[in-house]
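Taking the numbering used here as reference, the numbering of the sequence shown is continuous, increasing by one, and the terminal residue is 228.
Note that the Cβ used here is the ideal one computed from N, Cα and C, for glycine as well.
Below: the structure, in structure tokens.
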Amino acid sequence: MSNVIEARDLRKVYQMGEVQVEALRGVSFTIQRGEVVSIMGPSGSGKSTLMNTLGCLDRPTSGEYVLDGEPVASLNDDQLASIRNRKVGFVFQSFNLLSRQTAINNVELPLRYSGNPEGRRERAIEALKAVGLGDRMTHRPYELSGGQQQRVAIARAIVNNPAIIMADEPTGNLDSKVGREIMNLLLNLNKESGTTLIIVTHDPAIAEQTQRVIRLRDGLLDGVS
Numbered sequence: 004m005s006n007v008i009e010a011r012d013l014r015k016v017y018q019m020g021e022v023q024v025e026a027l028r029g030v031s032f033t034i035q036r037g038e039v040v041s042i043m044g045p046s047g048s049g050k051s052t053l054m055n056t057l058g059c060l061d062r063p064t065s066g067e068y069v070l071d072g073e074p075v076a077s078l079n080d081d082q083l084a085s086i087r088n089r090k091v092g093f094v095f096q097s098f099n100l101l102s103r104q105t106a107i108n109n110v111e112l113p114l115r116y117s118g119n120p121e122g123r124r125e126r127a128i129e130a131l132k133a134v135g136l137g138d139r140m141t142h143r144p145y146e147l148s149g150g151q152q153q154r155v156a157i158a159r160a161i162v163n164n165p166a167i168i169m170a171d172e173p174t175g176n177l178d179s180k181v182g183r184e185i186m187n188l189l190l191n192l193n194k195e196s197g198t199t200l201i202i203v204t205h206d207p208a209i210a211e212q213t214q215r216v217i218r219l220r221d222g223l224l225d226g227v228s
């Protein structure tokens, strides 16, 4: 099985006034295509920085990062935006939906940014059906429950057929029952489509459902299990 993520000696340094903060201090690992992996660590361990780097929201200060065969570390902002839109689907704790837009319009957003209008509406409809919201396409976020909003966010994440889905505390704003439903949905999408799933979480119960756990502490790997 091929690697979809190759991280080699990733380092990220932030300049805070006169102080340099090392958020990542030489992190190396690989993730295979189709794997389900969780990233865990205490507050300040570098989880968010690592997620932003893997999701092409930011670039490392040094080191190598290859995403689905494409070297990423040296790309400029426009190139980062392009590979992010093509290769990565995001699911956030706070859903990040546009409140005035319908569910189907929210799901269409990545397709609009890709500049390819062909079949856009049909692909958005299929994505919403895949997450069980075929009857909620014209509803706006305020007309949906928290679990339904997260399903819309997942549909938006998968509509471009990304190489990886990155979920940042995807059940954090949901009660335990709905949280289990969302995790089952993500895991089923992985099984059905083979999309790599990376989950950033504080919850050991969620990490137990993944195939591997990458642990961070103080910007360093604290173990992979």
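- Shown here, Pro-144 sits in a helix according to DSSP, grouped into three states.
- Looking at Ser-51, Leu-13, Asp-80 and Glu-73, the one whose alpha-carbon comes closest to that of Pro-63 is Leu-13.
- Taken through DSSP and simplified to helix, strand or coil, Asp-221 comes out as coil.
- In the DSSP annotation of this structure, the continuous segment of the beta strand (DSSP E) that includes Asp-12 starts and ends at 6-19.
- Take the alpha-carbon of Leu-70 and the one of Lys-90: they are about 8 Å apart.
- Under the three-state reduction of DSSP, Gln-151 is assigned to helix.
- DSSP places Glu-195 in the uninterrupted alpha helix (DSSP H) bounded by 179-196.
- In terms of CA proximity to Asn-176, Gln-151 leads the group Gly-135, Leu-219 and Gln-151.
- With a 10 Å radius around the Cβ and a threshold of 16 neighbouring Cβ atoms, Val-203 comes out buried.
- By the criterion of a C-beta distance shorter than 8 Å, Glu-125 is surrounded by no residue of its chain, once the five residues flanking it on both sides are discounted.
- For Pro-74, the secondary structure class from DSSP, reduced to helix, strand or coil, is strand.
- Restricting attention to Val-22, Gly-66 and Gly-72, the CA atom closest to the CA of Ala-166 is found in Gly-72.
- In terms of CA proximity to Ile-185, Leu-136 leads the group Leu-136, Asp-221 and Arg-218.
- Taking all protein chains in view, the Cβ of Tyr-145 is surrounded by fewer than 16 other Cβ atoms within 10 Å, so the residue is classified as exposed.
- Rounded to the nearest angstrom, the gap between the Cα atoms of Asp-171 and Ile-107 is 22 Å.
- Judged by DSSP in its simplified three-state form, Gln-23 adopts strand.
- Beta-bridge partners of Ala-170 (DSSP): Val-94 and Ile-202.
- By the CB criterion at 8 Å, Leu-189 and Pro-207 fall outside the cutoff.
- The residues Pro-144, in chain order, have a CB closer than 6 Å to that of Ser-102 in the same chain once the five nearest residues on each side in sequence are set aside.
- When C-beta atoms of the segment 38-58 are compared with those of the segment 213-228, three or more pairs fall below 8 Å, so the two segments count as touching.
- Non-local beta-carbon contacts of Gln-23 in its own chain, meaning distances under 8 Å to residues more than five positions away in sequence, involve Val-16 and Tyr-17 in chain order.
- When secondary structure is reduced to three states using DSSP, Arg-103 falls in the coil class, being assigned neither helix nor strand.
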